[in-house]
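Below: one structure, written as structure tokens.
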Amino acid sequence: DMINDTSVAQASASIALASDAASEAVFEHDVVRNLICRQARYPDIATPQDWYMALAYTVRDRMLARWAESVKNYALHHVKVACYLSAEFLIGPQLGCNLLNLGLEEEAREAMDSLGQDLDALLAIEEEPGLGNGGLGRLAACYLDSLASLEIPAIGYGIRYEFGIFDQDIVDGWQVERTDKWLKMGTPWEIIRPDIHYYVSFGGYTRMWNDEQGRLRVEWVPGRQVKGVAYDVPVQGYRVNTCNVLRLWKSEAVESFDFDDFNAGDYYEAVEEKVVSETLSKVLYPNDEPESGKRLRLAQQYFFVSCALQDMLRLMEVSHTPVERFADRFAAQLNDTHPSIAVAELMRLLIDERLLSWEDAWSITQRTFAYTNHTLLPEALETWSLPLMQSMLPRLVEIIFEINQRFLDEVRRALPGDEGSVARMSLIDEQGDKKVRMAHLATVGSHKVNGVAALHSDLLKQTILRDFAAMFPSRFLNVTNGVTPRRFIMQSNPGLARLLDDTLGEKWRTDLTRLDALADHADDATLQEAWRAVRRENKAKLAARIGNITGIAVPPEMMFDIQVKRIHEYKRQHLNALHIISLYQRLRRDPTLDVAPRCFIFGGKAAPGYDMAKLMIRLISGIAEVVNQDPATRDRLKVVFYPDFNVKNGHIIYPAADLSEQISTAGKEASGTGNMKFMMNGALTIGTLDGANVEIREQAGADNFFLFGMTAQQVAALQQSGYRPGHYLEANEALREALDEIAQGRFSRGDKAMFRPLLDNLLNADPFLVLADFADYAACQQRVSEAWRDEKRWARMSIINTARSGAFSSDRAIKEYCENIWQTRAVKIDLAAP
Ligand code: Z16
């Protein structure tokens with residue numbers, strides 16, 4: 063059982079608290095010790111990378127002591143643990159936020175200083191683990207940060223991709239992908255646990271047999287097995303002792319499986335088996351919507367989910383808890399449908415391996431799982447071809463059929479004779495090639511289903527899950543997304559954080575709603591001056607970085623108008639681009655035109671197979687190329703495509719924005735989270751009534767938000783009645799001119815064919831109503847320009863935006879998940895005094 067020896071507890075506490083006790087000298091000593099004992103380097107010849115590693119290990123040691131205490135407490139007190147199952151965790155660089163959360167930043171800075179090293183230079187070396195595509199993966203990382211900071215026992219379960227999201231280069235204006243080799247220098251942030259591993263089966267067949275007790279049993283005889291090994295990343299809470307874990311699974315070959323090949327001397331076949339097994343966790347799929355029919359993707363999903371559930375069952379065993387109590391000890395959140403095969407896998411583990419009855423297993427399963435939906439776009443709803451799933455996961459398909467049969471019986475009892483509802487709600491889409499509908503599996507197997515913003519949750523109930531919402535109204539709820547203020551204010555905008563401390567005291571740091579008090583000072587001239595100074599410095603930093611990377615000189619006095627997010631038609635970067643062209647044309651025509659000097663900054667990756675998105679990047683680059691060098695406009699208009707937008711680059715971009723572009727077609731962006739990061743940092747938003755923009759506007763007040771565009775209802779109505787983009791073109795000369803200049807090859811070095819697919823799409827189909835919203839967007843941008851001229855008014859609006867951003871802390875979101883879905887509570891971790 064638990065070793066509770068006081069000397070062990072004291073040793074642990076003294077490791078954790080070493081810095082508190084003897085401060086900087088001990089810290090410095092530990093860095094040097096790690097440099098020698100971990101990097102095998104002595105200071106005179108150590109490279110910056112060596113110093114980075116030595117520092118990272120020094121910080122890690124302090125977290126691991128807290129981690130051990132946290133785990134011990136969770137086991138000792140049999141607490142309920144929140145498990146966040148996600149195919150993506152976009153955690154970003156670790157050193158800076160761990161220093162911040164441990165409160166060690168100043169100490170580290172001084173220690174490194176005395177060792178002749180600049181902390182900021184070392185922070186800049188870190189390769190971020192890009193284990194996610196965008197919003198969904200970053201959300202999972204923010205939630206882990208909040209869970210630890212709120213002292214909630216939690217585990218994140220995911221995949222340790224060897225290659226994360228690709229690095230983006232821009233070559234001749236086009237996106238070029240490079241493999242993300244984030245592990246090439248090793249990473250200090252993972253603990254390999256060779257002893258924590260599980261086997262995952264694929265292929266083969268099932269058979270029935272009678273066991274010694276005469277019970278009918280099902281055996282899955284797999285075609286092959288893969289081993290999953292745990293790689294743990296510690297997740298430190300902010301200024302608390304709680305340190306949770308992100309447990310990522312790496313796939314490995316199962317030795318026993320190639321034994322026969324080895325004996326037969328077929329070395330190559332044995333090695334091939336190993337290679338195939340290891341490809342499972344090799345690379346992240348770089349799409350924000352599913353690619354149909356990708357066997358490897360389904361294998362990845364099942365792989366990590368099975369490892370996670372087996373791990374949870376093992377944790378029950380080591381704490382001597384009967385499996386019947388599973389749902390009292392774990393809440394498991396399904397981050398989109400990517401892990402939704404978990405519903406069937408937990409049933410399999412409980413029935414086939416733990417011998418529970420169907421009814422008991424189903425009760426546990428439904429009480430354990432809850433499902434978060436992140437999109438309504440039909441092309442983004444995950445389905446798997448039934449034959450594919452049958453060949454890879456034969457036992458799981460049997461279980462899915464049984465779940466479906468019992469569920470549809472229930473539907474038929476509730477809605478006698480309504481076979482339309484039965485067909486719509488079935489877990490299997492029977493039209494054409496049969497498919498398993500993963501959102502239906504997740505919904506049926508969960509006790510709660512949530513959308514990620516108020517509007518999105520409403521639309522979810524009115525559209526794709528309508529039948530389910532009618533049948534199980536109490537299952538549905540909203541949890542608006544949030545982002546962590548640790549990373550997105552304190553770490554990335556230290557100037558603002560200091561100003562907030564000076565103005566409000568430090569309470570906002572653990573309760574972001576305290577920012578509200580700032581609104582009382584929004585007109586205070588001294589605060590406004592200090593506010594502007596912070597912003598000026600942030601903008602100068604970004605401008606310098608842009609100069610270094612792109613060679614474009616950006617005057618920091620310009621308004622920084624920024625759109626950073628994945629490139630997608632529904633996010634409408636091309637609407638922004640069309641407005642820039644139109645502005646450019648007006649400026650050329652009338653050089654005295656009185657508009658605010660602006661720098662339009664874009665960033666974001668396009669899925670490698672998404673040609674239209676790649677063309678949108680090329681268009682932005684083409685506009686930049688023309689506009690930036692035109693003597694007629696270059697003092698008043700700049701356009702930048704910032705390459706390789708990722709978490710790390712976000713740190714420098716969000717704090718430098720004056721205007722945040724949130725211009726998706728209403729009803730299409732589930733929530734957005736970049737919108738929240740911009741708002742916290744004092745940017746004003748120009749946006750549609752979409753996703754969390756609606757709530758951002760409610761919080762900021764309509765006067766402090768630039769609203770334009772059709773509502774979700776109007777969008778649906780227009781598309782119902784037959785949308786004709788040509789109608790809007792005829793009515794708007796500026797729009798015609800902008801599109802015409804693209805067609806003439808002005809932004810493609812004379813090539814009139816380059817942007818043809820984009821133009822044809824807008825002129826003939828325009829599925830995201832770019833043309834319909836153009837006029838209102840341009841008019842709204844005019845209002846933005848006018849507001850910018852009044853410095854005091856702008857500063858006031860900026861301050862109010864930060865002041866009202868407290869609701870968008872991920873702490874608020876996590877409290878709602880705990881209260882309304884997980885039923886988990888905080889557990890304080892105390893360290894014994896040394
Ligand atoms: C993703 O990042 C999102 C949805 C999705 O289906 C797949 C991926 Cl990879 C995003 C939403 O588009 C965004 O609106 C939302 O804020 C984010 O998920 C987190 O909920």
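Its first residue numbered 63, the sequence shown is counted upward by one per residue in the UniProt record's numbering. A virtual CB, placed ideally from N, CA and C, is assigned to each residue, including glycine. Note that the coordinates shown come from a computational prediction; the quantities given were computed from them, not determined experimentally.
| Asked | Found |
| --- | --- |
| Contacts around A83, its chain only, beta-carbon distance under 6 Å, and the 5 residues preceding and following it disregarded | Annotation note: pLDDT 49 at A83 (below 50); position unreliable, coordinate value reported separately. Once the five neighbours on either side are set aside, A83 has no close Cβ partner at all. |
| 8 Å Cβ cutoff met for W424 and V498 | no |
| Secondary structure of F809, DSSP reduced to three states | coil |
| Boundaries of the alpha helix (DSSP H) in which Q467 is found, first to last residue | P456 to A476 |
| Rounded separation between I748 and N863 - CA only | 12 Å |
| Bounding residues of the alpha helix (DSSP H) (the contiguous stretch that carries K739) | G736 to M742 |
| Ligand 1 heavy atom lying under 7 Å from the CB of A732 | yes |
| Those residues which DSSP pairs with V297 across a bridge | N306 |
| Rounded C-alpha distance that separates L443 from K676 | 22 Å |
| Separation of W593 from L561, as counted between CA atoms | 8 Å |
| Supposed contact pair N543 and A202 - C-beta distance, whole angstroms, cut 8 Å | Not confirmed; about 11 Å, so no contact. |
| Nearest neighbour of D673, chosen from P110, Q885, L820 and V302 [CA to CA] | L820 |
| Under the three-state DSSP convention, the category S447 falls into | strand |
| Reduced DSSP category for T546 - H, G, I as helix; E, B as strand; rest coil | coil |
| Coil, strand or helix - A83 by DSSP | At A83 the pLDDT is 49, less than 50, meaning the model places this residue with poor confidence; the figure from the coordinates comes in the next sentence. DSSP places A83 in helix when its eight states are reduced to three. |
| Extent of the continuous alpha helix (DSSP H) run through A202 | G197 to S211 |
| Distance CB(L147)-CB(Q395) smaller than 8 Å | yes |
| Of the listed residues F870, K289, R696 and I679, nearest to I614 (C-alpha basis) | R696 |
| Beta-carbon proximity of V702 to C661, cut-off 8 Å | yes |
| Distance between beta carbons of K603 and I714, contact taken as under 8 Å | 6 Å |
| Extent of the continuous beta strand (DSSP E) run through A393 | F392 to N397 |
| Identity of the residue in S76, P787, F534 and S536 nearest F836 by Cα | P787 |
| Nearest residue (CA-CA) to D852, options L791, K627, S733 and D585 | D585 |
| DSSP state of G613 mapped onto helix, strand, coil | coil |
| Per-residue DSSP class, three states only, for K243 | coil |
| C-beta contact flag for K627 and G196 at 8 Å | yes |
| Top-ranked residue by Cα proximity to residue 59, from E492, P155, L589 and Q635 | A query on residue 59 cannot be resolved here, the shown segment of the chain reaching from 63 to 896 and no further. |
| V702 beta carbon near ligand 1 (any heavy atom closer than 7 Å) | no |
| Contact test: D520 Cβ vs ligand 1 heavy atom, cutoff 7 Å | no |
| Assigned exposure category for M500 - 16 Cβ within 10 Å defines buried | buried |
| Closer than 7 Å: L821 CB and nearest ligand 1 heavy atom | no |
| Sequence-distant residues of its chain with Cβ nearer than 6 Å to V459 (five each side left out) | M451 and Q452 |
| Those residues which DSSP pairs with C661 across a bridge | F622 and K700 |
| Neighbour-count burial assignment, I107, 16 or more Cβ in a 10 Å radius | exposed |
| Under 8 Å between C-beta atoms of T886 and P215 | yes |
| At least 3 beta-carbon pairs within less than 8 Å: the region 823-840 vs the region 789-801 | yes |
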